[in-house]
Amino acid sequence: MLKNFELGLFKQWFSEYTSKFTSSDPEYTRNIYLKTDHTQRVCKEIIGIAESLGLEPGEINLSNAIALFHDIGRFEQYHRYQTFADHKSENHAALGINILKENNVLDKISPESRSLIIYSVLHHNCAVLPSKGPEKELFYARMIRDADKLDIFRLVIDYYQNKEGTQNVALELGLPDNNEISDFVLSDIKAGEIVKIRNVKTLNDFKLLQLSWIYDINYKWTFKCIKDRNYFMELFQSIPKNDKTTEIYSLACSYLDNNLSA
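Residue numbering for the sequence shown follows the numbering used here, beginning at 15 and increasing consecutively.
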């Protein structure tokens with residue numbers, strides 16, 4: 015579906031494009047590196063998912079390209095707005111597609127591959143995927159959403175564990191770091207739903223939103239990775255403990271275990 019040399023050209027373009035984002039500001043540099051590193055890790059995660067599903071080499075290459083481009087809009091977003099919060103700037107997925115089109119990056123691949131990449135990148139950050147749509151496009155969109163979440167779990171857990179008073183405003187979306195948790199956030203998770211971004215008022219709300227991503231995981235491989243890497247326990251360690259949060263954690267863990275045994 016996507017040839018090796020086409021993927022190689024994409025990787026070369028990605029490297030050249032992202033190398034332009036430089037600054038003497040250490041925080042700017044750190045956040046640009048955060049996204050290049052994240053992209054490479056998501057590429058590895060999506061390959062794991064694709065191989066677990068028995069995809070052919072060309073399909074794995076296509077999956078890799080989707081992962082490579084899924085956050086291409088993040089670099090220009092941070093350069094323009096100094097934030098990764100879409101609601102404070104613009105939709106980084108749509109921005110990324112515009113960048114790919116402006117640079118003619120996808121012009122020389124097959125129309126089918128181009129369509130699959132565009133659909134998957136555009137939908138990788140939606141609150142939920144459309145309930146109906148072209149199945150092939152949805153298939154790849156589900157893969158990138160799973161792969162993205164796997165590395166974001168790793169990234170935020172590492173940040174929360176090693177923060178030591180140094181705040182990364184871009185990662186925390188500028189949210190207040192206190193012990194408060196919104197009742198609406200708790201209600202969303204109890205209903206087996208992803209926390210709605212409009213209900214997120216504090217950093218702890220945001221952590222629970224990340225925990226609620228379990229309700230949007232699509233493939234058994236991803237569930238297994240979350241379990242094997244102990245992501246839930248490590249994320250929960252950064253959240254204040256009380257009866258409500260313990261109940262939420264228990265519900266999420268049960269959902270994880272049920273999907274692994276299904």
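Beta carbons: idealized from backbone N, C-alpha and C, even for Gly. What you are looking at is a predicted structure, and each value in this text was computed from that prediction instead of being measured.
Taking the continuous alpha helix (DSSP H) assigned at Asn140, which residues delimit it?
As a position in the sequence shown, residue 140 is number 126, starting the count at 1. The residue you asked about is not Asn; residue 140 is Cys in the sequence shown. Unbroken run through Cys140: none, as it is neither H nor E.
Cβ separation of Glu73 and Ala64, assumed to be a contact under 8 Å, to the nearest whole Å
If you number the sequence shown from 1, residue 73 lands on position 59. If you number the sequence shown from 1, residue 64 lands on position 50. Indeed, because the Cβ distance is near 7 Å, the residues count as touching under 8 Å.
If you run the structure through DSSP and keep just helix, strand and coil, what is Ile113?
Here residue 113 refers to the residue found at position 99 of the sequence shown. Residue state, collapsed to three classes: helix.
Consult DSSP for Ser252 and reduce its assignment to one of helix, strand or coil.
Position 238 of the sequence shown, counting from 1, holds the residue named residue 252. Coil at Ser252, not helix or strand.
Using only alpha-carbon positions, find the residue among Ala155, Lys150 and Pro125 that is nearest to His137.
Residue 137 sits at position 123 when you count from the first residue of the sequence shown. Considering only alpha carbons, the answer is Ala155.
Select from Ala107, Asn18, Lys234 and Ile262 the residue whose C-alpha is nearest the C-alpha of Ser275.
The residue you call residue 275 lines up with position 261 of the sequence shown. When each option's Cα is compared against that of Ser275, the closest is Lys234.
Between Thr216 and the rest of its own chain, which residues show a CB-CB distance below 8 Å, the 5 nearest in sequence each way excluded?
To locate residue 216, count along the sequence shown from 1; it is residue 202. Here the set comprises Leu189, Pro190, Asp191, Asn192, Glu194, Ile195 and Ser196.
For the region 139-227, list the alpha helix (DSSP H) runs that are entirely contained and at least 4 residues long, ordered along the chain.
149-175, 183-186, 197-204 and 217-226
On the criterion of 16 or more Cβ atoms from any shown chain inside 10 Å, does Thr43 qualify as buried, or is it exposed?
Position 29 of the sequence shown holds residue 43. By the 10 Å Cβ count, Thr43 comes out exposed.
Close-in-space but distant-in-sequence residues of the same chain around Phe246 (CB under 8 Å, 5 per side omitted):
Residue 246 sits at position 232 when you count from the first residue of the sequence shown. Short of 8 Å from the beta carbon of Phe246, and not among the five residues preceding or following it, lie these beta carbons of its own chain, in chain order: Leu225, Ile228, Ile240, Tyr263, Ala266, Cys267 and Leu270.
Just the C-alpha distance for Tyr133 and Ala108, rounded to the nearest angstrom, thanks.
Residue mapping note: residue 133 aligns to position 119 of the sequence shown, counting from 1. Residue mapping note: residue 108 aligns to position 94 of the sequence shown, counting from 1. Going by the C-alpha atoms only, they are around 10 Å apart.
Around the Cβ of Gly22, are there at least 16 other Cβ atoms within 10 angstroms (buried) or fewer (exposed)?
For the purposes of this step, residue 22 is taken as the residue at position 8 of the sequence shown. Exposed, since its Cβ has fewer than 16 Cβ neighbours within 10 Å.
Glu186 versus Phe167: straight-line alpha-carbon distance, rounded
On the sequence shown, residue 186 is found 172 positions in, with the first residue counted as 1. On the sequence shown, residue 167 is found 153 positions in, with the first residue counted as 1. When rounded, the distance between both Cα atoms is 14 Å.
At least 3 beta-carbon pairs within less than 8 Å: the region 119-130 vs the region 99-108:
no
Nearest candidate by alpha-carbon position, reference Lys58, set Glu90, Leu169, Asp162 and Ile211
Translated into positions along the sequence shown, residue 58 becomes position 44. It is Asp162.
Take Glu90 as the anchor and find which of Phe153, Thr32 and Asn256 has the nearest alpha-carbon.
Along the sequence shown, one-based indexing puts residue 90 at 76. That would be Thr32, whose Cα lies nearest to the Cα of Glu90.
For Leu130, which of helix, strand or coil comes out of DSSP?
Within the sequence shown, residue 130 is the residue found at index 116, counting from 1. Looking at Leu130 - three-state DSSP - the assignment turns out to be helix.
Which residue wins for smallest C-alpha separation from Arg212, given the options Asp100, Phe19, Ser29 and Phe35?
Along the sequence shown, one-based indexing puts residue 212 at 198. The shortest Cα separation from Arg212 among Asp100, Phe19, Ser29 and Phe35 belongs to Asp100.
Give me the residue from Asn273, Leu249 and Glu207 with the minimum Cα distance to Asp165.
As a position in the sequence shown, residue 165 is number 151, starting the count at 1. Among Asn273, Leu249 and Glu207, the Cα nearest to that of Asp165 belongs to Leu249.
Classify Met15 as helix, strand or coil using the three-state DSSP reduction.
Walking along the sequence shown from the start, residue 15 turns up at place 1. Coil.
Consider the Cβ of Thr53: report whether some Cβ of chain B lies at a distance smaller than 8 Å.
Annotation note: the requested chain B is absent from the structure, which comprises a single protein chain.
Residue of Ala141, Ile86 and Cys140 minimising C-alpha distance to Leu114
The sequence position of residue 114 within the sequence shown is 100, counting from 1. The shortest C-alpha separation from Leu114 is found at Ile86.
Use the C-beta contact count for Val209: other C-beta atoms within 10 angstroms, 16 or more gives buried, fewer gives exposed.
On the sequence shown, position 195 is the one that residue 209 refers to. By the neighbour-count criterion, in which a residue is buried when 16 or more other Cβ atoms sit within 10 angstroms of its Cβ, Val209 is buried.
Would you decide whether Ala205 is buried or exposed? Buried here means 16 or more other CB atoms lie within 10 Å of its CB.
Position 191 of the sequence shown, counted from the first residue, corresponds to residue 205. Label assigned to Ala205: exposed.
For His93, which residues of its own chain have a beta-carbon under 7 Å away from its beta-carbon, when the five flanking residues on both sides are left out?
Along the sequence shown, read from residue 1 onward, the residue named residue 93 stands at position 79. Around His93: Phe35.
Alpha carbon of Leu152 to alpha carbon of Asp242, nearest angstrom
One-based indexing of the sequence shown puts residue 152 at position 138. One-based indexing of the sequence shown puts residue 242 at position 228. Using only the alpha carbons, I get a separation of about 26 Å.
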